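Student: Just so you know, we're using our numbering here: the sequence shown kicks off at 54 and counts up by one.
The C-beta atom is built at its ideal place from N, Cα and C for all residues, glycine as well.
Just so we're clear, the structure is a prediction, and the values are computed from it rather than from any experiment.
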Amino acid sequence: LSNVGKEDTVRPKDLEKLSLAVEQFLAREKGVILLDAIEYLVTNNNFITVLRLVQSIRDQVAINSGVFLLSVNPSALDPHQLTLLEKEVDRVIPGSSGARTASG
Numbered sequence: 054l055s056n057v058g059k060e061d062t063v064r065p066k067d068l069e070k071l072s073l074a075v076e077q078f079l080a081r082e083k084g085v086i087l088l089d090a091i092e093y094l095v096t097n098n099n100f101i102t103v104l105r106l107v108q109s110i111r112d113q114v115a116i117n118s119g120v121f122l123l124s125v126n127p128s129a130l131d132p133h134q135l136t137l138l139e140k141e142v143d144r145v146i147p148g149s150s151g152a153r154t155a156s157g
């Protein structure tokens with residue numbers, strides 16, 4: 054993700070392109086998708102749009118037998134938003150710095 058417009062980057066506001074890139078990657082390989090610092094996407098979009106992206110990626114990963122990891126700083130989101138994200142994953146792993154990693 055980058056706001057620098059290069060061919061091999063995705064702008065943080067272009068969630069459709071990000072979703073398509075994930076879908077194409079998973080169609081080629083049974084891989085791992087890491088969405089790090091999800092709060093960065095939330096600051097560039099609205100939370101509900103990012104939640105829908107997480108749901109879409111979760112579904113794509115399940116269909117393709119992949120692994121989905123996402124990382125979030127819980128202090129960057131309100132408790133309700135954090136709860137909604139946690140419902141989309143199988144497991145939440147609290148980090149030593151307060152960040153949470155979730156796998157689904």
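For the alpha helix (DSSP H) holding residue 147, just list the boundary residues, first then last.
Tutor: For the purposes of this step, residue 147 is taken as the residue at position 94 of the sequence shown. First-last for residue 147: 144-147, but that is the beta strand (DSSP E), not the alpha helix (DSSP H).
Student: Would the beta-carbon of residue 76 fall within 8 Å of that of residue 108?
Tutor: Here the question's residue 76 lines up with position 23 in the sequence shown. Here the question's residue 108 lines up with position 55 in the sequence shown. Their beta carbons are not under 8 Å apart, which means residue 76 does not touch residue 108 by this criterion.
Student: Mapping the DSSP letters down to three states, classify residue 57 as helix, strand or coil.
Tutor: By one-based count along the sequence shown, residue 57 stands at place 4. In this structure, residue 57 counts as coil in the three-state DSSP scheme.
Student: Please report how far the alpha carbon of residue 146 lies from the alpha carbon of residue 86, in whole angstroms.
Tutor: The sequence position of residue 146 within the sequence shown is 93, counting from 1. The sequence position of residue 86 within the sequence shown is 33, counting from 1. Distance between the alpha carbons of residue 146 and residue 86: 16 Å.
Student: Thinking just about the alpha-carbon of each residue, which of 65, 58 and 60 is nearest to the one in residue 100?
Tutor: Along the sequence shown, one-based indexing puts residue 100 at 47. Answer by Cα proximity: 65.
Student: Using the Cβ count rule (16 or more neighbours within 10 Å means buried), how would you classify residue 123?
Tutor: On the sequence shown, position 70 is the one that residue 123 refers to. By the 10 Å Cβ count, residue 123 comes out buried.
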